[in-house]
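Visitor:
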Amino acid sequence: MMDLKRRVKRFFRKRKIGMRGRIVLGFSLLVLILFLSSIIAVFEYRHMSNYVSEMIAENIKSINTAHKLLSSCDNYNMTLLTAISDDSVKVLPGFDEEQFADDYEYLRGAVSGQSALSMADSVRYAYSAYLLVAGEIESVWLADFSDNNTRDWYFNRLQPIYYRLKGYIDRLSDYSYNALQTNSEALQESFYRSIMPEVIAVSVGILIAFLFMFFIVSRYVSPIRKMLSNIHDYERFDKTYTYTFEGGDELSELNEEVKDIIEQNISLKRHYNSNRED
Numbered sequence: 001m002m003d004l005k006r007r008v009k010r011f012f013r014k015r016k017i018g019m020r021g022r023i024v025l026g027f028s029l030l031v032l033i034l035f036l037s038s039i040i041a042v043f044e045y046r047h048m049s050n051y052v053s054e055m056i057a058e059n060i061k062s063i064n065t066a067h068k069l070l071s072s073c074d075n076y077n078m079t080l081l082t083a084i085s086d087d088s089v090k091v092l093p094g095f096d097e098e099q100f101a102d103d104y105e106y107l108r109g110a111v112s113g114q115s116a117l118s119m120a121d122s123v124r125y126a127y128s129a130y131l132l133v134a135g136e137i138e139s140v141w142l143a144d145f146s147d148n149n150t151r152d153w154y155f156n157r158l159q160p161i162y163y164r165l166k167g168y169i170d171r172l173s174d175y176s177y178n179a180l181q182t183n184s185e186a187l188q189e190s191f192y193r194s195i196m197p198e199v200i201a202v203s204v205g206i207l208i209a210f211l212f213m214f215f216i217v218s219r220y221v222s223p224i225r226k227m228l229s230n231i232h233d234y235e236r237f238d239k240t241y242t243y244t245f246e247g248g249d250e251l252s253e254l255n256e257e258v259k260d261i262i263e264q265n266i267s268l269k270r271h272y273n274s275n276r277e278d
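Position 245 of the sequence shown, counted from 1, bears residue number 245 in UniProt numbering, the numbering being contiguous throughout.
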């Protein structure tokens with residue numbers, strides 16, 4: 001029964017992880033954690049990069065929408081000038097107010113900040129004033145363009161409002177352009193800000209982990225294994241304990257103590273055997 005218990009204990013003892021295995025396993029887990037942290041950092045950067053890229057795409061679309069608003073106003077303003085100056089024009093020009101309203105609502109929803117929203121409201125007010133004055137085209141269309149009142153209506157009444165509307169749209173476009181520039185710089189800076197520290201930290205951490213693991217194995221694990229090997233040689237083959245190393249710490253002191261004990265034990269055995277022979 002006792003022999004069976006010893007065999008069971010020896011079986012489980014052999015299956016246990018030794019000191020070297022535990023240290024290697026611990027540092028392997030450390031390396032794994034550092035590796036996973038680098039993966040998380042990369043995914044975090046990709047998430048932030050996608051977010052900034054979406055903002056950049058929105059900024060570009062806002063700039064294009066502002067240019068579209070400005071182009072539609074330019075074209076309509078020129079058709080008004082053509083209508084009152086060209087006798088061959090028989091139909092009053094029209095303006096796609098629905099398309100302008102859709103583009104304006106998108107542009108207003110895309111901008112942020114109190115100043116940008118105030119500028120968007122200024123575009124709406126200037127646009128309403130421009131359409132209100134442009135609606136007077138019916139009363140001046142049939143008049144002679146050389147008439148002072150007709151020219152005064154276009155150049156002194158309609159054009160100032162048009163230039164005001166154009167200026168507001170340009171300034172609103174500048175907000176989108178500035179946001180585009182800011183987001184582009186943020187995307188470039190975020191790469192170095194998010195990736196480089198993690199890469200450096202992970203690289204240094206992995207290097208330190210491997211160096212420390214090498215130090216532990218070579219400085220502590222290997223001496224202990226050699227000490228055990230010499231002890232087993234003494235127990236099985238009655239060999240002298242010969243392992244020595246310079247460490248200047250508790251492990252080297254332990255080795256010297258073990259060596260002294262074994263030497264004393266050998267001396268006692270020899271003394272005992274000599275007495276028996278006598």
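The beta-carbon is built from N, C-alpha and C at its ideal position, and this holds for glycine as well.
1) Specify the secondary structure class of Val111 as computed by DSSP and reduced to three states.
2) What is the rounded straight-line gap between the Cα of Glu98 and the Cα of Ser53?
3) My output table needs one value for Glu246: the three-state DSSP class, helix, strand or coil.
4) For Thr65, count the other beta carbons within 10 Å of its own beta carbon; 16 or more makes it buried, fewer makes it exposed. Which is it?
5) Should the segment 121–133 be regarded as contacting the segment 147–161, the criterion being three or more beta carbon pairs within less than 8 Å?
6) Quick check: Lys269 and Tyr243, are their CB atoms within less than 9 Å of each other?
7) Answer yes if the segment 40–51 comes into contact with the segment 96–110, meaning at least three C-beta pairs across the two stretches below 8 Å, and no otherwise.
8) Going by Cα to Cα distance, which pick from Glu250, Val204, Ile262 and Cys73 is closest to Asp170?
9) What's the gap between the Cα of Met196 and the Cα of Ser184?
10) What is the residue span of the alpha helix (DSSP H) that Arg219 lies within?
Guide: In brief:
1) Translated into the one-based positions of the sequence shown, residue 111 becomes position 111. DSSP places Val111 in the coil class of the three-state scheme, outside both helix and strand.
2) Here the question's residue 98 lines up with position 98 in the sequence shown. Here the question's residue 53 lines up with position 53 in the sequence shown. One C-alpha to the other measures close to 30 Å.
3) One-based indexing of the sequence shown puts residue 246 at position 246. Three-state result, Glu246: coil.
4) Position 65 of the sequence shown, counting from 1, holds the residue named residue 65. Answer is buried; the Cβ neighbour count reaches 16.
5) With the cut-off at 8 Å, the segment 121–133 and the segment 147–161 touch.
6) For the purposes of this step, residue 269 is taken as the residue at position 269 of the sequence shown. For the purposes of this step, residue 243 is taken as the residue at position 243 of the sequence shown. No Cβ-Cβ contact shorter than 9 Å links Lys269 with Tyr243.
7) By the criterion of at least three beta-carbon pairs nearer than 8 Å, the segment 96–110 is not in contact with the segment 40–51.
8) As a working mapping, residue 170 is identified with position 170 in the sequence shown. Out of Glu250, Val204, Ile262 and Cys73, Cys73 has the C-alpha closest to the C-alpha of Asp170.
9) By 1-based counting over the sequence shown, the position of residue 196 is 196. By 1-based counting over the sequence shown, the position of residue 184 is 184. When rounded, the distance between both Cα atoms is 18 Å.
10) Taking the first residue of the sequence shown as 1, we reach residue 219 at position 219. For Arg219, there is no enclosing alpha helix (DSSP H), as DSSP marks it with neither H nor E.
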